[in-house]
Amino acid sequence: MVFMHEYGKQMFSKNIHNEKRNQERDKIKKQIFLNSKTNNKQKNILARLKYNEVYSKKCKDEKTIDGSAKIIRIKKNDNLYKYAIAKAAKIIRKGKLVVFPTETVYGLGANAYDEEAIKRLYEAKERPYDKPLIIHVNSMDMVRCLVTNITEEMQTLTSNFWPGPLTIILPKSITVSDLVTAGTDTVAIRMPDNKIALDLINAANVPIAASSANITGKPSATKAKHAAKELWNKVRLILDGGMSKIGIESTVVSLIDKTPIILREGKISKEQIERVLGKKIKTYEAQNEDQVPQILKYKHYSPNAKIYVAKRNERRLRTIYSMLTFGKKLKQEKKKMMFIFSNELPKSLLESIKQYGKIICFKSKEKMAHEIFDTFRKADNEKIDAIIIEGVEQNSIGGAIMDRLIKAADGEIINYL
Ligand code: TXA
Ligand code: MG
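The numbering of the sequence shown is my numbering, which starts it at 2 and goes up by one.
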């Protein structure tokens with residue numbers, strides 16, 4: 002089943018416009034009822050006509066100022082699938098922005114070869130210009146145009162992990178704009194494992210520079226509606242392909258130096274990369290503030306609620322006890338709280354924690370990765386002031402989860418008591 006509707010009108014502007022509309026209507030009615038000598042029925046018709054005239058003019062103006070995104074929900078084997086992809090591709094080729102799904106998170110995409118479109122992307126996201134973008138491709142031919150040389154290591158990584166959640170950094174070719182790479186001479190490339198994304202790149206027939214579809218600093222969008230909420234008046238089209246499969250962003254690995262280095266952890270782990278390359282690689286750790294590369298420079302993934310991450314103790318009960326003690330303190334400050342646990346809790350504990358705030362228990366690390374950004378956004382909708390989160394073990398996708406949590410917490414770590 003396919004349907005199209007205008008999010009701009011339907012979802013977000015609805016309340017504001019309704020309120021404005023009602024005020025406008027009342028104002029017009031008042032004027033007409035005070036001034037006119039006609040009967041009530043005529044007065045009502047006059048009021049409606051006048052209102053329509055004023056309102057439709059307003060609508061037109063608003064559209065030209067803001068634009069408003071169309072959202073198309075598509076499913077595989079859908080009749081309108083081709084139509085949606087073609088429409089999105091046309092927008093990309095015209096230099097405008099499209100939100101599209103990938104297996105990690107939703108992307109806000111623009112033609113990688115169009116500098117005006119890239120500028121538009123930075124503006125829409127309110128992203129600082131010194132933070133480079135990932136270019137999304139659907140073939141090795143596209144990669145060849147973007148880099149100076151496809152190294153053996155690159156080939157090994159792409160044949161093992163593409164399409165998939167791995168972004169690879171290599172020296173860029175002269176075809177890549179400095180705007181995309183934030184003035185550096187390296188370029189980040191990824192082939193997403195998502196049919197809609199791949200078909201879109203294919204139809205647009207250009208590589209697509211895309212960032213996570215959120216305003217800078219906010220949690221990444223894992224549902225079309227997250228992107229719509231923040232970007233509805235800045236993009237032409239949102240392709241809704243359902244909830245992102247993985248939920249956190251790709252692993253970013255740089256092949257610039259002799260020893261590859263992971264700049265951002267993701268689903269593809271250090272061990273997986275080491276196994277296929279047959280050598281040890283590094284994970285980036287800044288020695289001092291000045292050395293911090295672009296990728297790690299900015300505050301990330303933050304909901305409005307304050308995040309506190311509890312350091313993990315081998316004895317889980319100690320971690321939980323620390324979380325609870327911390328929560329009790331916040332409760333005295335009248336904070337509305339949410340507790341997030343990385344695993345299920347015994348019933349007795351659930352009962353005693355419940356009185357302090359809402360409880361979310363994930364069943365596995367994968368589930369936690371999948372839903373953590375969505376949970377942050379839900380907490381904001383519920384006006385939660387503080388989220389206290391149980392840390393996870395840093396193996397498999399746990400490393401990537403802890404990376405996001407620690408950045409979201411901005412240093413607010415709860416040590417066990
Ligand atoms: O899973 C993902 O990677 C998602 C989906 C949409 O593909 N994209 C994503 O993009 O997370 P973004 O812009 O939110 O994060 C890209 C990260 C940034 O932290 C940026 O600094 C880094 O990749 N990056 C891009 N090009 C780089 C380069 N040449 N050198 C170092 N870091 C780079
Ligand atoms: Mg991002």
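The beta carbon of each residue, even a glycine, is placed where N, CA and C say it ideally should be.
The structure displayed is predicted, hence computed values, not measured ones.
* Proximity test, N215 beta-carbon vs the ligand MG heavy atom, cut-off 8 Å -> Translated into the one-based positions of the sequence shown, residue 215 becomes position 214. Yes; taking the cut-off as 8 Å, the Cβ of N215 has a heavy atom of the ligand MG nearer than that.
* For the ligand TXA, any of its heavy atoms closer than 8 Å to the Cβ of E1? -> Given a span of 2 to 418 for the chain in the structure shown, any question on residue 1 remains unanswerable.
* **Distance between E116 and Q395 (C-alpha atoms, nearest Å)** => What you label residue 395 is simply residue 394 of the sequence shown in a count that begins at 1. What you label residue 116 is simply residue 115 of the sequence shown in a count that begins at 1. Between Q395 and E116, the C-alpha separation is close to 39 Å.
* **For P172, the residue or residues it bridges with in DSSP** => As a position in the sequence shown, residue 172 is number 171, starting the count at 1. Partner(s): T187.
* Asked: Which first and last residues belong to the beta strand (DSSP E) in which V99 is found?
  -> Residue 99 sits at position 98 when you count from the first residue of the sequence shown. Counting along the chain, the beta strand (DSSP E) containing V99 begins and ends at V99 to F101.
* Asked: Nearest-angstrom Cα distance between S245 and I398?
  -> Along the sequence shown, read from residue 1 onward, the residue named residue 245 stands at position 244. Along the sequence shown, read from residue 1 onward, the residue named residue 398 stands at position 397. Cα-Cα distance, rounded: 15 Å.
* To do: List the DSSP bridge partners of I390.
  => In the sequence shown, the residue the question calls residue 390 occupies position 389. I390 pairs with V310 and I341.
* **Cα-Cα separation, G392 to K364** => Here residue 392 corresponds to residue number 391 of the sequence shown, with the count starting at 1. Here residue 364 corresponds to residue number 363 of the sequence shown, with the count starting at 1. For G392 and K364, the distance between alpha carbons rounds to 14 Å.
* Asked: Any idea if L318 is buried or exposed, counting beta-carbon neighbours within 10 angstroms, 16 or more meaning buried?
  -> Taking the sequence shown and counting its residues from 1, the one referred to as residue 318 is at position 317. Exposed is the call here.
* Asked: Any idea what DSSP makes of H227, helix, strand or coil?
  -> The residue given as residue 227 occupies position 226 in the sequence shown. Here H227 sits in helix by DSSP.
* May I ask you to report which of helix, strand or coil DSSP gives D423? => Nothing in the structure corresponds to residue 423, since the chain is present only between 2 and 418.
* Asked: Is the beta carbon of I135 sitting closer than 9 Å to the one on R74?
  -> As a first step, residue 135 is located in the sequence shown; it is residue number 134 there, counting from the start. As a first step, residue 74 is located in the sequence shown; it is residue number 73 there, counting from the start. Contact: no.
* To do: Select from A370, K337 and I354 the residue whose C-alpha is nearest the C-alpha of K384.
  => Residue 384 sits at position 383 when you count from the first residue of the sequence shown. The residue with the shortest Cα to Cα distance from K384 is K337.
* Residues sharing a beta bridge with C362, DSSP -> Working through the sequence shown from its first residue, we reach residue 362 at position 361. DSSP lists F342 as partners of C362.
* Asked: Touching or not, the stretch 186-204 and the stretch 97-112, by the rule of three or more beta carbon pairs under 8 Å?
  -> yes
* Asked: Of all the alpha helix (DSSP H) runs that stay within the bounds of the stretch 111-186, which reach a length of 4 or more residues?
  -> 116-126, 141-147, 153-162 and 179-182
* Report yes or no: do the stretch 209-226 and the stretch 247-255 share at least 3 C-beta pairs separated by less than 8 Å? => yes
* Asked: Within the chosen definition, does the stretch 263-283 reach the stretch 124-144 through at least 3 CB pairs nearer than 8 Å?
  -> no
* When we look at the beta-carbon of T149 and count the other beta-carbons within 10 Å, is it buried (16 or more) or exposed? -> Here residue 149 refers to the residue found at position 148 when the sequence shown is read from its first residue. Exposed is the call here.
* Asked: Which first and last residues belong to the alpha helix (DSSP H) in which V254 is found?
  -> Looking up residue 254 in the sequence shown gives position 253. Unbroken run through V254 is the beta strand (DSSP E), T252 to S255; no alpha helix (DSSP H).
* Beta carbon of H301: closer than 8 Å to some heavy atom of the ligand MG? -> Here residue 301 refers to the residue found at position 300 when the sequence shown is read from its first residue. Checking the Cβ of H301 against the ligand MG gives yes.
* Going by DSSP, name the residue or residues bridged to L109. => To locate residue 109, count along the sequence shown from 1; it is residue 108. In the DSSP output, where bridge partners are listed per residue, L109 has V100 and S212.
* **Per-residue burial, I197 [other beta carbons within 10 Å of its own, 16 or more giving buried]** => In the sequence shown, the residue the question calls residue 197 occupies position 196. Buried, because 16 or more other Cβ atoms sit within 10 Å of the Cβ of I197.
* To do: Enumerate in chain order the residues of its own chain whose CB-to-CB distance from F327 is below 7 Å, with the five nearest sequence positions on each side excluded.
  => Taking the sequence shown and counting its residues from 1, the one referred to as residue 327 is at position 326. Once the five neighbours on either side are set aside, the close Cβ partners of F327 are Y309, I389 and I415.
* Taking Cβ to Cβ, would you say I257 is nearer than 9 Å to P133? -> As a first step, residue 257 is located in the sequence shown; it is residue number 256 there, counting from the start. As a first step, residue 133 is located in the sequence shown; it is residue number 132 there, counting from the start. For I257 and P133, no; Cβs fall outside 9 Å.
* Asked: Do A211 and the ligand TXA come close, with the Cβ less than 8 Å from some heavy atom?
  -> For the purposes of this step, residue 211 is taken as the residue at position 210 of the sequence shown. Yes, the Cβ of A211 comes within 8 Å of a heavy atom of the ligand TXA.
* Beta-bridge partners of T284, as assigned by DSSP -> Here residue 284 refers to the residue found at position 283 of the sequence shown. Beta-bridge pairing links T284 to I263.
* Asked: With respect to the alpha helix (DSSP H) encompassing V277, which residues constitute its N-terminal and C-terminal limits?
  -> The sequence position of residue 277 within the sequence shown is 276, counting from 1. Where V277 is concerned, the enclosing alpha helix (DSSP H) stretches over K271 to L278.
* Pull up the CB-CB distance for A111 and A204, whole angstroms please, since I reckon it's below 8 Å. => As a position in the sequence shown, residue 111 is number 110, starting the count at 1. As a position in the sequence shown, residue 204 is number 203, starting the count at 1. Not really, about 15 Å apart at Cβ, beyond 8 Å.
* Asked: Residues in its own chain within less than 7 Å of D142 by CB, not counting five upstream and five downstream?
  -> Here the question's residue 142 lines up with position 141 in the sequence shown. Contacts found: none.
* Asked: Hey, would you say the C-beta of S221 is under 8 Å away from at least one heavy atom of the ligand MG?
  -> Residue numbering aside, residue 221 sits at position 220 when the sequence shown is read from its first letter. At least one heavy atom of the ligand MG is nearer than 8 Å to the Cβ of S221, so yes.
* **C-beta atoms of D241 and K259 nearer than 9 Å** => If you number the sequence shown from 1, residue 241 lands on position 240. If you number the sequence shown from 1, residue 259 lands on position 258. Against a cut-off of 9 Å, the Cβ pair of K259 and D241 comes out as no contact.
* Asked: Is D386 near L325, with beta carbons less than 9 Å apart?
  -> Working through the sequence shown from its first residue, we reach residue 386 at position 385. Working through the sequence shown from its first residue, we reach residue 325 at position 324. No, they are not a contact pair.
* Status (buried if at least 16 other CB within 10 Å, exposed otherwise) for D375 -> Taking the first residue of the sequence shown as position 1, residue 375 is located at position 374. Result: buried.
* Mind checking K235: buried by the 16 CB within 10 Å criterion, or exposed? -> Taking the sequence shown and counting its residues from 1, the one referred to as residue 235 is at position 234. With 16 or more Cβ atoms within 10 Å of its Cβ, K235 is classed as buried.
* To do: Closer than 8 Å by C-beta to S212: which residues in its own chain qualify, once you throw out the five before and the five after it? Chain order, please.
  => Taking the first residue of the sequence shown as position 1, residue 212 is located at position 211. G108, L109, L122, K126, R128, L134 and I135, listed in sequence order.
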